[in-house]
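To start, the structure under review is shown below, and the notes come after it.
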Amino acid sequence: MKNLILMLTFITFSFTVFAEKLTIVSVNNGDMVRMQKLSSDFTNKNPGIELDFQFMEENVLRQKVTLDITNKGGAYDIMTIGMYEAPMWGEKGWLVPMNDLPSKFDIDDILPAVRNGLSHDGVLYASPFYGESSFTMYRVDLFAEKGLIMPDKPTWGEIYKFAKALHNPPEVNGICLRGKPGWGENAAFIGTVANAFGARWVDDKWNPQLTGPAWTHAVSFYVDLVQNYGPKGAPNNGFNENLKLFNQGKCAMWIDATVAASFVTNKEESTVYNKVNFALAPSAVTEKGGWLWSWAIAIPAGTQKEAAAKKFIMWATSKDYIKLVAEKHGWSNVPPGTRTSTYTNAMYLNNAPFARLTLGAMKAADPSMNGTLKPKPYIGVQFMTIPEFQAIGTEAGRQFSAALAGRKSVNDALKSANKSAYKLLKKGGYIK
Amino acid sequence: MLYWASLSLMRHTRSFYGKLILTPTIVLLLLWIIIPLSLTVYFSFQSYNMLDGSPTGYAGWMNYDFFIFDEAFYDAILNTFLIVLSLLLITVIFGFLFATLLNSDIFLPNFVKLLYISPFLIIPSVSALLWKNLMMDPINGFITFILNMLNFEGIDFLNEYPLGSIIAMLAWTWVPFSTLLILTSLKSVDKTILESAKIDGANPFQISLLVILPNILRSINVVILIETIFFLAVFAEISIATNGGPGTETTNLPFLIFQKGLQNFDVGESSAGGLIAVILANFVAIFLIKIMSKNI
Numbered sequence: 047m048k049n050l051i052l053m054l055t056f057i058t059f060s061f062t063v064f065a066e067k068l069t070i071v072s073v074n075n076g077d078m079v080r081m082q083k084l085s086s087d088f089t090n091k092n093p094g095i096e097l098d099f100q101f102m103e104e105n106v107l108r109q110k111v112t113l114d115i116t117n118k119g120g121a122y123d124i125m126t127i128g129m130y131e132a133p134m135w136g137e138k139g140w141l142v143p144m145n146d147l148p149s150k151f152d153i154d155d156i157l158p159a160v161r162n163g164l165s166h167d168g169v170l171y172a173s174p175f176y177g178e179s180s181f182t183m184y185r186v187d188l189f190a191e192k193g194l195i196m197p198d199k200p201t202w203g204e205i206y207k208f209a210k211a212l213h214n215p216p217e218v219n220g221i222c223l224r225g226k227p228g229w230g231e232n233a234a235f236i237g238t239v240a241n242a243f244g245a246r247w248v249d250d251k252w253n254p255q256l257t258g259p260a261w262t263h264a265v266s267f268y269v270d271l272v273q274n275y276g277p278k279g280a281p282n283n284g285f286n287e288n289l290k291l292f293n294q295g296k297c298a299m300w301i302d303a304t305v306a307a308s309f310v311t312n313k314e315e316s317t318v319y320n321k322v323n324f325a326l327a328p329s330a331v332t333e334k335g336g337w338l339w340s341w342a343i344a345i346p347a348g349t350q351k352e353a354a355a356k357k358f359i360m361w362a363t364s365k366d367y368i369k370l371v372a373e374k375h376g377w378s379n380v381p382p383g384t385r386t387s388t389y390t391n392a393m394y395l396n397n398a399p400f401a402r403l404t405l406g407a408m409k410a411a412d413p414s415m416n417g418t419l420k421p422k423p424y425i426g427v428q429f430m431t432i433p434e435f436q437a438i439g440t441e442a443g444r445q446f447s448a449a450l451a452g453r454k455s456v457n458d459a460l461k462s463a464n465k466s467a468y469k470l471l472k473k474g475g476y477i478k
Numbered sequence: 009m010l011y012w013a014s015l016s017l018m019r020h021t022r023s024f025y026g027k028l029i030l031t032p033t034i035v036l037l038l039l040w041i042i043i044p045l046s047l048t049v050y051f052s053f054q055s056y057n058m059l060d061g062s063p064t065g066y067a068g069w070m071n072y073d074f075f076i077f078d079e080a081f082y083d084a085i086l087n088t089f090l091i092v093l094s095l096l097l098i099t100v101i102f103g104f105l106f107a108t109l110l111n112s113d114i115f116l117p118n119f120v121k122l123l124y125i126s127p128f129l130i131i132p133s134v135s136a137l138l139w140k141n142l143m144m145d146p147i148n149g150f151i152t153f154i155l156n157m158l159n160f161e162g163i164d165f166l167n168e169y170p171l172g173s174i175i176a177m178l179a180w181t182w183v184p185f186s187t188l189l190i191l192t193s194l195k196s197v198d199k200t201i202l203e204s205a206k207i208d209g210a211n212p213f214q215i216s217l218l219v220i221l222p223n224i225l226r227s228i229n230v231v232i233l234i235e236t237i238f239f240l241a242v243f244a245e246i247s248i249a250t251n252g253g254p255g256t257e258t259t260n261l262p263f264l265i266f267q268k269g270l271q272n273f274d275v276g277e278s279s280a281g282g283l284i285a286v287i288l289a290n291f292v293a294i295f296l297i298k299i300m301s302k303n304i
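Chains as they are written, first to last, in the numbering used here: chain A, 47 to 478; chain B, 9 to 304.
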């Protein structure tokens, strides 16, 4: 009898457990991890759907997702991708287009630069979870101590002087910048520095420009700055490593993605949350070519669970989700850089000291062909939206980190990077 | 390796029925090797960027050309052999020393012996993370902490001594392994021989070198054979601790192939690299099997 009851409960239990399970793969950035913590809100509203989150580092994520989508592996129902992948994969028909969205979602509310960056031929292929440009974060207390004043629009020359004045290791380093190899890591960031120095990845005939004067100037400057006034181990530091250092109070300045702002001002995570202020990303010969990126959520084509997946995306990238984060964690922690309505919300503007600057930087960033000082044949600011760029950027990033570690001269590193870029572009049929 | 093993198995089986009975296994083994191998050969002659979705045409020898004349290729070959040779030296020498220590009359509690073996049981990726973040980190690492206490500046191991750091991590894992194997054969060295050597007036140094060493040569050979196979394919430590960098200083052949295939998504070039690695590995295998077959 006892056994029978046990069996019956087991059977009913297994029936109730039967539900649609969505496998979500995402980058391990703080905003995404927070989404997982809040996801019970979604599962409560949609009882038939279960969520299985997998978080990984940017480089690993890219590998897994690309392998899965090109081989039609179907391991993931929802994937986090960026501005590089979304338009390319959308064009190939690998992603479910985000049309017929409910009017409540209000697609026109999405910031135009972000929406364009995630669309191909005017069709949105991935819904932005957060968007970012780059800007300068600095320690007000250290600046005051030395009597320095950070201008609203600093130049790289000024940043160099500040870094020199503030560098006092091991307590505090003048500046923290990215060195970890990877096209989305150091190559992307150094790409924006090069843009500021008037460079572009290739000229209008697709010849790589890495050995040109603008790139040489930019990378020499960067290497000089980070080697002299950066933290030890900088060639291995990416976004998350620098975030940790800044939050420990080991960096006087940090120039990186605007999304960092909500973490460095977060009481629980940062030891310097009340000593941070913000300025625009530095310029050199031009103000053009500022960072633009968005992590967005997309559905691979051919999935059986499209309806459920879309429901999830409509939840995770909605205005209501932003409100939910605001209720639970405060307005300053909502995912930034996606919706105009966030930036017209008085609560957000009052609570997030970085909001206006973020919006300004995002509006200024221009991924189009006129986005750099000299026109370029590709779309994208700190990357080129072509399949070959992944390889070009990875090789370049590897060379940059070698130069940064002092293992190679800047000229040799750039020569190697240029050579491999040339080969790859030739192989891809861009250079005739 | 498998291929050579199966062929030599065939050669050494004389009778017809013996061969017949072996055939299904051998065929299975060969299929196991031939299907992936022929796919790799096919892809190595295609232009295939994974982001294009499918191969975009015949590439001729271009993939081989690109792989072999990539600067990183020479660095990778050099690093691969540096890693193998230096680690073989380190593990055999220290393995012998530690095994002698563990085998001696010096009292060591059992848990110390157990601790001694434990690094080998740690998963490579975990040990790489441990070393990178807890030990070698130039700001928060344990070594930096010690150095700072002694009023020295922290050392940025992974950037200043990249290959040395990788070799140190690997040695930490693999010295226990060689110690274990050498220890078992030390235990089986006949005590009477040692005693007679003592009576003949040999000093401890002579005993180790002239009496013990020849007796344990066989297990040292096994250590070398097994370790070479593993060291040729070191990957996790490199991928996690240095990502092959700075530049290409810690890139070995497996990592380079991984990089071409899974970071650059160039399936064609990666396949070409894979085939080159297969050829090189077979050379090493023939060489090793020749030496081993003499000694075992």
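We treat Cβ as the ideally placed atom computed from N, Cα and C, and that holds for glycine.
Source: prediction; values computed, not measured.
- Cβ-Cβ distances below 7 angstroms link B:N111 to L191, L194 and K195 in the same chain, with the five nearest sequence neighbours on each side left out; the list follows chain order.
- Around A:Y206, the same chain offers L271 as residues with beta carbons nearer than 7 angstroms, after the five sequence neighbours per side are excluded.
- Each residue's CA atom was taken as its position, placing A:G406 and A:D366 some 24 angstroms apart.
- Taking C-beta atoms as the reference points, A:W135 and A:Y176 fail to come closer than 8 angstroms.
- With distances taken between CA atoms, A:G295 lies nearest to A:V318 out of A:G284, A:V318 and A:N282.
- With fewer than 16 other Cβ atoms from the protein chains shown falling within 10 Å of its own Cβ, B:D198 counts as exposed.
- For the options A:S364, A:G163, A:F358 and A:W247, the alpha carbon positioned closest to that of A:S414 is the one of A:G163.
- With at least 16 other beta carbons inside 10 angstroms of its own, A:F181 counts as buried.
- With a threshold of 8 angstroms between beta carbons, A:M134 makes contact with chain B.
- Rounded to whole angstroms, the gap between the alpha carbons of A:W341 and B:M143 is 33 angstroms.
- Here A:Y424 is buried, its C-beta having at least 16 other C-beta atoms within 10 Å.
- Look at A:A325 here: in three-state DSSP terms it is strand.
- Classified as buried, A:T404 has 16 or more neighbouring CB atoms from the shown chains inside 10 Å of its CB.
- If you look at B:P170, you'll find it in the alpha helix (DSSP H) that goes P170 to K195.
- Relative to the Cα of B:V49, the nearest Cα in the group B:A285, B:F295, B:L296 and B:K298 belongs to B:A285.
- A:V71 carries a strand assignment under DSSP once its states are collapsed to helix, strand and coil.
- A contact between stretches requires three or more CB pairs, one per stretch, nearer than 8 angstroms, and the stretch 241-257 of chain B fails this requirement with the stretch 99-114 of chain B.
- Residue state for A:H213 is assigned as coil, using DSSP reduced to three classes.
- Residues N229 and L233 of the same chain have their beta carbon placed closer than 7 angstroms to that of B:M300, with the five preceding and five following residues left out of the count.
- For A:M183, no alpha helix (DSSP H) segment is defined; the enclosing uninterrupted segment is the beta strand (DSSP E) at S180 to R185.
- When 7 angstroms is used as the limit between beta carbons, A:R453 is near these residues of chain B: P254, G255 and E257, in chain order.
- Counting every other CB atom within 10 Å of its CB across the protein chains shown gives A:S72 a total of 16 or more, marking it as buried.
- Between B:S23 and A:K473, the gap from beta carbon to beta carbon reaches 8 angstroms or more.
- Beta-bridge partners of A:H166 (DSSP): A:V169.
- Nearest to B:L240 by C-alpha distance, out of B:G252, B:N272 and B:L261, is B:L261.
- For A:Q255, no CB of chain B lies under 8 angstroms from its own CB, so it is not counted at the interface with that chain.
- Straight across, the Cα-Cα distance linking B:Q214 with B:F77 is about 50 angstroms.
- In the structure shown, A:M408 falls within a helical segment according to DSSP collapsed to helix, strand and coil.
- Contacts with chain B at 8 angstroms (Cβ-Cβ) include A:A437.
- By the criterion of a C-beta distance shorter than 7 angstroms, B:D274 is surrounded in its chain by N57 and K268, once the five residues flanking it on both sides are discounted.
- Taken through DSSP and simplified to helix, strand or coil, B:G252 comes out as coil.
- When DSSP states are grouped into helix, strand and coil, A:G474 belongs to the coil group.
- Taking C-beta separations shorter than 8 angstroms and ignoring five residues to either side along the sequence, the partners of A:A354 in its chain run E66, L68, N92, G94, I95 and D123, following chain order.
- A:T238 is not a Cβ neighbour of A:L460, given a cutoff of 8 angstroms.
- Per DSSP, reduced to three states, the secondary structure at A:S455 is coil, with no helix or strand assignment.
- Only buried fits A:A330, as 16 or more other CB atoms lie within 10 angstroms of its CB.
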